[in-house]
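In terms of numbering that gives the first Met the number 0, the sequence shown has 117 at position 118, counting the first letter as 1, and numbering is strictly consecutive. Where is the CB? At the ideal position from N, CA and C, for every residue including glycine. Given the structure is predicted, the values throughout are model-derived calculations rather than measurements. Step one of this worksheet: look at the structure below.
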Amino acid sequence: MEENTGNSGENAEETNLPPKQVEIESEVKTEEKVERKKNESQGHCYCGKERNLNIAELLCANCNRWYHESCIGYQLGKLVPFLSNYIFLCKNCSPTGLESFRKCQAQISQMCVTAIANLQQASTKEGKNKLMFNKDKEIIPYIEHHWEALTTTSRRVTQSWHLTVQKALVKDLHILFVFDETSVENPMYGLIDSDLTHIRPNYDAMIKGGMLKVTDMGIQHVVQCISQLRNEKQCVTFKR
Ligand SMILES: [Zn+2]
Ligand SMILES: [Zn+2]
């Protein structure tokens with residue numbers, strides 16, 4: 000019934016066309032409708048819009064959809080795009096009907112991934128498309144500036160963490176990071192997988208590690224992720 004009412008306007012326009020053409024046109028329209036429906040079922044967020052890499056977005060552990068920070072009612076605190084150290088359940092998947100969000104302590108390597116990803120996206124936005132970034136002039140300053148958004152631990156008093164950043168970048172070379180061999184004096188690092196849409200929390204590992212539990216109600220947090228994450232080696236993942 001609704002279908003007919005919806006089409007009545009289109010039919011009125013089409014009555015002026017010769018019969019054969021009407022048939023072809025309506026076939027095309029049906030295909031378009033099927034395509035649109037497919038996209039709707041794969042759509043992200045409550046708003047149904049596509050991902051927006053320029054704003055913070057959270058991945059729901061249960062339905063695997065991305066949610067824009069601006070569309071989420073829950074008080075999220077400070078966020079930046081491309082975090083992977085959190086657990087988020089959207090309203091539709093949370094047993095309480097309210098969004099559930101918890102940020103975890105980030106590993107230094109996760110902070111480096113988030114920093115480089117944001118530097119890369121900012122460069123793309125400027126039309127420069129840079130992929131490699133200076134450790135001392137870009138990566139460390141980004142972490143310094145966004146510390147509270149990146150992790151739950153308090154800011155370090157000394158600068159000894161600068162060395163930890165260096166160690167983390169080298170340790171995960173060829174796993175998470177790439178190094179520009181020609182930049183030894185001013186070390187430049189990038190992401191091994193420069194597709195930023197691949198950066199997400201490793202929910203599979205969290206389920207295996209017992210941080211999340213799959214129940215009849217969907218996925219739920221079971222333990223505080225902070226203490227658990229200390230033992231979790233690979234918390235960030237690039238899903239290919
Ligand atoms: Zn949205
Ligand atoms: Zn969900």
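Ligand 4 and Cys46: does the residue's C-beta get closer than 7 Å to at least one heavy atom of that ligand? Looking at this structure, you won't find ligand 4 anywhere; what it does contain is ligand 1 and ligand 2.
Shortest alpha-carbon distance to Asp215 belongs to which of Lys48, Ser83, Val164 and Pro94? Pro94
Presumed contact (8 Å Cβ cut-off) between Leu195 and Gln119, rounded CB distance: 7 Å
When every heavy atom of ligand 2 is checked, does at least one fall within less than 7 Å of the C-beta of Leu88? yes
Put Val169 into one of helix, strand or coil per three-state DSSP. helix
Euclidean distance between Cα positions of Lys127 and Val213: 43 Å
Of the choices Phe87, Asn51 and Tyr66, whose alpha-carbon is the least far from that of Ile218? Phe87
Can you say whether Gln106 is buried or exposed, counting buried as having 16 or more other CB atoms within 10 angstroms of its CB? buried
Would a C-beta distance cut-off of 8 Å place Phe132 and Tyr202 closer than the cut-off? no
Completely contained beta strand (DSSP E) runs for the segment 109-164, where each covers 3 or more residues: none
For Glu56, collect the residues of the same chain with a Cβ closer than 7 Å to its Cβ; drop the 5 residues on either side in sequence, then sort them by chain order. Arg50, Trp65, Tyr66, His67, Glu68 and Pro80
Counting pairs of beta carbons, one from the segment 160-167 and one from the segment 134-146, are three or more of them closer than 8 Å? yes
When Cys89, Leu52, Leu190 and Thr181 are compared against Leu175, the one with the closest alpha-carbon: Leu190
Can you give me the C-alpha to C-alpha distance between Ile206 and Pro200, rounded to a whole angstrom? 11 Å
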